[in-house]
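Participant:
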Amino acid sequence: MIVSDCSLAMNTLLGESMKIADVQVIRFSVEAEDYGTKWGYGQRGPKRRVPRGLIKITTDDGQSGFD
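Residue 38 in the UniProt record's numbering sits at position 38 of the sequence shown; the count goes up by one each step and never skips.
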């Protein structure tokens with residue numbers, strides 16, 4: 001997870017607890033020619049819309065990050 005500030009990691013190291021305040025799923029799609037097959041390798045094909053997404057996690061002290 002990419003964290004916007006190093007204080008989130010420091011809170012964990014110091015033993016201070018934090019609570020997850022919000023979880024958002026951000027859905028979008030992109031146009032792509034490459035796609036993965038069910039066997040795990042990439043294959044080239046015609047352009048098509050491919051669904052993608054991000055998860056944003058926010059803590060009670062205002063820290064947030066994406067995964």
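Each residue gets a CB set at the ideal place from its N, CA and C atoms; glycine is no exception.
Quick one: grab the DSSP three-state call for ASP61.
Facilitator: Position 61 of the sequence shown holds residue 61. Coil at ASP61, not helix or strand.
Participant: Going by beta carbon distance, what residues of the same chain come within less than 6 Å of THR37, once the five residues before and after it are set aside?
Facilitator: Within the sequence shown, residue 37 is the residue found at index 37, counting from 1. Counting only Cβ-Cβ distances below 6 Å, and skipping sequence neighbours, we find GLN43.
Participant: Tell whether a beta-carbon distance below 8 Å holds between GLU31 and ARG49.
Facilitator: Taking the first residue of the sequence shown as 1, we reach residue 31 at position 31. Taking the first residue of the sequence shown as 1, we reach residue 49 at position 49. Yes.
Participant: In the DSSP output, which residue or residues are listed as bridge partners for GLU31?
Facilitator: Along the sequence shown, read from residue 1 onward, the residue named residue 31 stands at position 31. According to DSSP, GLU31 bridges with ARG49.
Participant: Just to confirm, are THR59 and ILE20 a CB contact at a threshold of 8 Å?
Facilitator: In the sequence shown, the residue the question calls residue 59 occupies position 59. In the sequence shown, the residue the question calls residue 20 occupies position 20. Yes; because the gap between Cβ atoms is below 8 Å, this pair is in contact.
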